[in-house]
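Single-structure report; data block below.
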Amino acid sequence: MTRGTLRFEGRGIPVEDGDTVASALFRAGVRTFSRSLKSRRRRGLYCGTGECPNCTVTVDDLPGVRSCVTPAEAGMRVERGRGWPSAEHDLLHVTDLMHPLMPVGFYMKTFVRPRFAWPAAERLIRRATGSGRLPEGREPSRTIVRHAHVDALVVGAGAAGLSAALESARASERVLLCDAFPIGSQVAPGPALDALHAHEAEVRAEPAIEVLDGHAALGVYDGPTVAVASAGELVQVHPRRIVLATGATEMHEAFPGNDLPGVWLGRAASRMAARHGVSIGARLVVVASTDEGLEHLGTLVAAGANVTAAVVPAAFVDGVPPSAEAIVDGELVSARGPGRVRSVIVRERGQERRLPCDALVLSTGLAPRDELVRMAPGEPIELVGDAALAGDVPRVAGGYICLCEDVSAHDAEQAWAEGFRSAEILKRYTTATMGPCRGAMCGRALAAFAAARSDQTDRGAPGRTTARPPSRPVALETLAASVHEVIEKRTSLHETHLAAGAELGWSGGWKRPFAYGDPKDEYAAVRERAGLMDVGTLGTFLIAGRDAPALVDRVFPTRVADLAPGRSRYVLALDEAGYVADDGVLCAFGDGSYLLTSTTGGAERMDARLREWTHRLGLHVHLLDRTSELGAILVAGPRARDLLEPLSDDALGTDALPHAAHGEVTVAGIPCTAIRTGFVGELGFELHHPRSRGPELWSALMRSGEAFGVRAFGLDALELLRLEKGHLYVGQDTMPDDTPAKLGLDRAVDTSKEWFVGKAALERLAAIPLGRRLAGLTFESGPPDAAELRGTPVFAGGEIVGRVTSAATSPTLGRSIGLAWIRTAEGELPADGLRAGDALATVAPTPFYDPDGERLRG
Amino acid sequence: MAELSTTRPGVTAVLGSAEACELVSALPGACPVSPVEVAIVGDASITALRQAVQRVDPDAVVRDVSDGWVLHTLRGPGAREAFARLSELELPASGSVQGAVARVGVRVLVEGDRVDLLVPSMLATHVLERIEDECRELLA
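Protein sequences appear in the order of chains H and S.
Numbering-wise (the working numbering), the first sequence opens with residue 1 and increments by one.
Numbering-wise (the working numbering), the second sequence opens with residue 859 and increments by one.
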């Protein structure tokens, strides 16, 4: 019964009950379903089971749809992908006649010279290839990604798969059963299908089995993990074992004319006749050498097809209907065109015969779908049903081995002659098995080709190629659905910053304020009055336990044994090669524990470093990452103490809390660990507080500072403030192989310590002259904003001798300053004659600002 | 369907020797983080815990770390299904696991149809947004 029409390249085509897109098109007279990739040969329906590439069309703007397994719907828009101006009349078919121009491996041989012509050739090739156009401007569809943990994953829901699933479930296993297609859709109506549906009902009634039909298993990965996907869902299955019941396809054989429209595999032909009531031709020749082939022959005849001849082994003669001539033990030589099958040549008792026909039906063996097991050797995979068959060996006697990639037997011969002498390297060179069928059709033919020749050479490696995911076609959009890269860390003051109009940006995985307005005003507030900065992003660690002093003594090169309770110290962290990996501030407490702050971006590495060395040194240390638990606000500027004192009853003067000291104080009723730091070069208090109290503390500090003109400041202002002090950022101003000496940080290394991480390397490196150093620079006659110089090379004469890592124009100093690594000559920095861009650069001592540190000690 | 709620429960960190941690790892709300660290979700007497573990490891650390954590709770028949969209961790019938949820380190407590995700405060919004996006059809 007709259920409306679909639109095919502008014309209406009736859709009948049970139609696939392919059956509807074929009934309406379409014979050329696609054009081949390179030679643009006509391709017609062939496998009928969703394996081969021949029937792929564009459906509703989605290219690459296999029409033979896609149910037809009224209103669908269907087009053929390749073909210029059309698939029916494709002028690019001329490439089939120019085969010498496109030999096997042509992309390495032709279109190479002249080189200037390559861009034009590339454009041409790009336009000529592909299989349809992706729709533009389409919204990504929603794909649900989920994980499933089961005892058994059964792939394939045919009779073998359904049995395996039931057996597992009855053994109290949790089972996931998947199949690329709806259950039973590959089976012709009849007793076999009825039995399958009865079996299916049993499976669906079993609560321990989750059935995912229409979900293809794409690949087996370590674990094992199996990716199983449908159009709207990607399931990552984590099974304890895998049962492959993926069945077998009918064997694809290579002989002259094997790719002509009108050459059918038996399943496609009998389904078209029995299920869709479509006659595949007026005169059929059937070649059947399997029981299944004989069944297809019976099905076709029963459906009224005119089978004129059947090429069968002697044992099958009785099964050939009287209306057809039985050609016993005949050999199919070739199919002849042009354009479609018009006759076949059969050798019978040494004589070749030409049999006129318009359809050739082949059923000569089975090729198990075993790619998932060939993908994952060593994983717990069991093959059942037809998938476990050894499979037949296809004949390769001409024609096309690989339909997807247009690789002919001649191409394979040529590749073999060029020295590509195993299935694996033939695959790489010819691209056979790498197309949309993923080797399901051609893999065995390629292996058979190699195996037949490998005894002629001792280099040959017979056997199948390793299969690669995806084993079935899948949209990139489906695979990409599981990828969500952005992880945003936030401090408790996130909303406060947004309310203040802050411009937030990424810094070490956090969203942080870069500026709240004009960074120059923020800078001025810190230098002249007071500023507040959210530094809750710093890594913060409690290091406790009886061996805590031993750990910090060994992990950091800095002397820390003399760090008295209540004092803090700048520390470096080196790796075992002696290179600077991070830095931080270590605060000692009276109970033998420490609070360590690390850089924002380095917190996770610091955590890993401390844990690793605790373990390696066998120390009794308790490490608690407090980064998430503590907020921190830096109050900095000459009026910082004036701002804090009204909010606290604790002593905050230089006697009680001098520079590089820390103490427990209460500010605005909130308990804080106050660390006197000087990163910005002014009197500064870093108030580490319970995260939940952050907004409250920030508001109290802002209110208290109103009278002094306090400002919140962000990373832009900090960049200038710290640069004036010559403080470096590990990562921005350092290179991966920077030692403390190269950075001028020898003061943070105590070589008299017996041992610390990186000490042996530093001792070895000490004997080698420094190849470069990080140095302070001042710039003259450069750009008005020296920040533009960041990243520019530093020249001495005409030679590049370094690179500017940080640069800024300092309003306080009235000049442009920066940091740069500069190559040394015999251990010395060049005295003058340096340039960075248009600016003259001079090496200058750091800090540039307040070199004696009087302000930060205030 | 699953209900999603966010709370800030008490969280206590116990850091000590393996023997000391074993003492507390079976307490209600206990989430073993490593052989030498246990997080305990819910009201706990820090003094009592400290006394107990310090008998075994005298310098064991017991601290209130509530500010560092936020609890996102999925509750209802769809809770486990929702969780499966966020993580490849296999949930036990009851107990705790830890690992990547929405690509960040999360401690998970599970009991029947209730899945508690103990998330570092700094990542609470990230995880919440991922839950709301990935599980939108499942949330009541």
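For every residue, glycine included, the Cβ atom is placed at its ideal position computed from N, Cα and C.
Bear in mind that the values here come from a model prediction, so they are computed numbers and not experimental data.
Opposite E871 of chain H in the DSSP bridges: which residues? There is simply no residue 871 of chain H to check, as chain H begins at 1 and stops at 858 in what is shown.
By the three-class DSSP mapping on this structure, what secondary structure does P862 of chain H have? Examination of residue 862 of chain H is not possible in this model, given that chain H is present from 1 through 858 alone.
Beta-carbon separation of R866 of chain S and V928 of chain S under 8 angstroms? Within the second sequence, the letter at position 8 stands for residue 866 of chain S. Within the second sequence, the letter at position 70 stands for residue 928 of chain S. Yes, Cβ-Cβ distance for R866 of chain S and V928 of chain S is below 8 angstroms.
Hey, could you find the ends of the beta strand (DSSP E) S699 of chain H is sitting in? Taking the first residue of the first sequence as position 1, residue 699 of chain H is located at position 699. Secondary structure note for S699 of chain H: it is in no beta strand (DSSP E), and the uninterrupted alpha helix (DSSP H) holding it is 694 to 705.
With Q414 of chain H as the anchor, note down where its alpha helix (DSSP H) starts and where it stops. Mapped onto the first sequence, residue 414 of chain H falls at position 414. Residues 409 to 417.
Can you tell which of H:G827, H:A450, H:G797, H:P140 has its C-alpha closest to the C-alpha of F420 of chain H? As a first step, residue 420 of chain H is located in the first sequence; it is residue number 420 there, counting from the start. Taking only the C-alpha atoms, the option nearest F420 of chain H is H:A450.
Find out if the Cβ-Cβ distance for the pair E167 of chain H, G184 of chain H is shorter than 8 angstroms. In the first sequence, counting from the first residue as 1, residue 167 of chain H sits at position 167. In the first sequence, counting from the first residue as 1, residue 184 of chain H sits at position 184. Contact: no.
Can you tell me the Cα-Cα spacing of G18 of chain H and H276 of chain H, whole angstroms? For this step, residue 18 of chain H is matched to residue 18 along the first sequence. For this step, residue 276 of chain H is matched to residue 276 along the first sequence. Answer to the nearest angstrom: the Cα atoms are 7 angstroms apart.
Output yes if chain S places a C-beta closer than 8 angstroms to the C-beta of G505 of chain H; else output no. For this step, residue 505 of chain H is matched to residue 505 along the first sequence. No - not a single Cβ of chain S is within 8 angstroms of the one on G505 of chain H.
Closer than 8 angstroms by beta-carbon distance: list the chain S residues that pair up with A148 of chain H, in chain order. As a first step, residue 148 of chain H must be located in the first sequence, where it is residue number 148. A942, listed in chain order.
Which full runs of the beta strand (DSSP E) of 3+ residues lie inside the segment 636 to 716 of chain H, going along the chain? For the segment 636 to 716 of chain H, whole beta strand (DSSP E) runs of length 3 or above, ordered along the chain, are 662 to 667, 670 to 676, 684 to 690.
How about G590 of chain H: is its C-beta nearer than 8 angstroms to some C-beta of chain S? Along the first sequence, read from residue 1 onward, the residue named residue 590 of chain H stands at position 590. Not a single C-beta of chain S is nearer than 8 angstroms to the C-beta of G590 of chain H.
For the segment 680 to 695 of chain H, enumerate the residues whose C-beta is nearer than 7 angstroms to any C-beta of chain S, in chain order. For the segment 680 to 695 of chain H, which is checked against every Cβ of chain S, the residues closer than 7 angstroms are P690, R691, S692.
For a contact defined as C-beta to C-beta under 7 angstroms, what are the partners of P978 of chain S on chain H? Residue 978 of chain S sits at position 120 when you count from the first residue of the second sequence. Scanning chain H for C-beta atoms nearer than 7 angstroms to the C-beta of P978 of chain S yields S628, reported in chain order.
So, does the CB of E488 of chain H fall closer than 8 angstroms to a CB anywhere in chain S? Translated into the one-based positions of the first sequence, residue 488 of chain H becomes position 488. Chain S places a beta carbon closer than 8 angstroms to that of E488 of chain H, counting this residue as a contact.
Chain-ordered neighbours of H984 of chain S on chain H, where CB pairs are closer than 7 angstroms: Counting from 1 along the second sequence, the entry for residue 984 of chain S is found at position 126. Going along chain H in sequence order, the residues near H984 of chain S (Cβ under 7 angstroms) are I487, E488.
Does the Cβ of E992 of chain S have 16 or more other Cβ atoms within 10 Å, making it buried, or fewer, making it exposed? The sequence position of residue 992 of chain S within the second sequence is 134, counting from 1. Classification for E992 of chain S: buried.
Compare the C-beta of S954 of chain S against all C-beta atoms of chain H and say whether one is closer than 8 angstroms. Counted from its first residue, the second sequence places residue 954 of chain S at position 96. Under the Cβ distance rule, S954 of chain S does not count among the residues neighbouring chain H, no pair being separated by less than 8 angstroms.
Cβ-Cβ separation, A844 of chain H to R835 of chain H (assumed contact under 8 angstroms), whole Å: Here residue 835 of chain H corresponds to residue number 835 of the first sequence, with the count starting at 1. Here residue 844 of chain H corresponds to residue number 844 of the first sequence, with the count starting at 1. With a beta-carbon spacing of about 15 angstroms, R835 of chain H and A844 of chain H fall beyond the 8 angstroms limit used to define contacts.
So within the segment 554 to 625 of chain H, which uninterrupted beta strand (DSSP E) runs reach at least 3 residues, ignoring any that extend past its ends? Here the runs fully enclosed are 568 to 574, 580 to 588, 594 to 598, 622 to 625.
Proximity winner among H:R815, H:R569, H:V287, relative to E250 of chain H (alpha-carbon distances): For this step, residue 250 of chain H is matched to residue 250 along the first sequence. Taking only the C-alpha atoms, the option nearest E250 of chain H is H:V287.
Does DSSP put S454 of chain H in a helix, a strand or coil? As a working mapping, residue 454 of chain H is identified with position 454 in the first sequence. The three-state reading of DSSP puts S454 of chain H in helix, counting H, G and I together.
Range of the contiguous beta strand (DSSP E) that encloses M533 of chain H: Looking up residue 533 of chain H in the first sequence gives position 533. Where M533 of chain H is concerned, the enclosing beta strand (DSSP E) starts and stops at 531 to 534.
Between V285 of chain H and chain S, is the shortest Cβ-Cβ distance under 8 angstroms, so that the two count as touching? Sequence index remark: in the first sequence, residue 285 of chain H carries index 285 (1-based). Chain S contact via Cβ: absent.
Looking at the secondary structure, which residues open and close the beta strand (DSSP E) in which I125 of chain H lies? Taking the first sequence and counting its residues from 1, one reaches residue 125 of chain H at position 125. Note, I125 of chain H: premise wrong, no beta strand (DSSP E); alpha helix (DSSP H) at 118 to 128.
In chain H, what lies closer than 8 angstroms to G874 of chain S by C-beta? Within the second sequence, numbered from 1, the residue matching residue 874 of chain S stands at position 16. Here the neighbours are H622.
Please decide whether G4 of chain H counts as near chain S, where near means a Cβ-Cβ distance under 8 angstroms. Residue numbering aside, residue 4 of chain H sits at position 4 when the first sequence is read from its first letter. No, no contact with chain S.
Give the interface partners of V145 of chain H over in chain S, defined as CB-CB distance under 8 angstroms, in chain order. The residue given as residue 145 of chain H occupies position 145 in the first sequence. The contacting residues are R943, E992.
Cutoff 8 angstroms: H238 of chain H Cβ touching any chain S Cβ: The sequence position of residue 238 of chain H within the first sequence is 238, counting from 1. Contacts with chain S at 8 angstroms (Cβ-Cβ) include H238 of chain H.
When DSSP labels each residue in this structure, what does T431 of chain H get in the three-state scheme? For the purposes of this step, residue 431 of chain H is identified with residue 431 of the first sequence, where counting begins at 1. Three-state result, T431 of chain H: coil.
Name the chain S residues whose beta carbon is nearer than 9 angstroms to that of G545 of chain H? For the purposes of this step, residue 545 of chain H is taken as residue 545 along the first sequence, with counting starting at 1. Near G545 of chain H (Cβ distances below 9 angstroms), the residues of chain S are L873, G874, D915, D917, A918, V919.
Should G926 of chain S be flagged as near chain H, meaning a C-beta pair shorter than 8 angstroms? In the second sequence, counting from the first residue as 1, residue 926 of chain S sits at position 68. Cβ-Cβ to chain H under 8 angstroms: yes for G926 of chain S.
Other residues of its chain near T20 of chain H: CB distance less than 8 angstroms, five sequence neighbours each side excluded: Translated into the one-based positions of the first sequence, residue 20 of chain H becomes position 20. Same-chain partners within the cutoff: S67, C68, V69, T70, P71, A72, H276.
Pair within 8 angstroms by beta-carbon distance, V973 of chain S and L996 of chain S: Taking the second sequence and counting its residues from 1, the one referred to as residue 973 of chain S is at position 115. Taking the second sequence and counting its residues from 1, the one referred to as residue 996 of chain S is at position 138. Annotated as distal: V973 of chain S and L996 of chain S, with beta-carbon spacing of 8 angstroms or more.
Do the segment 760 to 767 of chain H and the segment 788 to 803 of chain H meet, that is, are 3 or more Cβ pairs less than 8 angstroms apart? Remark: fewer than three beta-carbon pairs, one from each stretch, lie closer than 8 angstroms, so the segment 760 to 767 of chain H and the segment 788 to 803 of chain H are not flagged as touching.
I need the boundaries of the beta strand (DSSP E) containing H149 of chain H, first residue and last residue. Taking the first residue of the first sequence as 1, we reach residue 149 of chain H at position 149. For H149 of chain H, the enclosing beta strand (DSSP E) has its first and last residue at 144 to 155.
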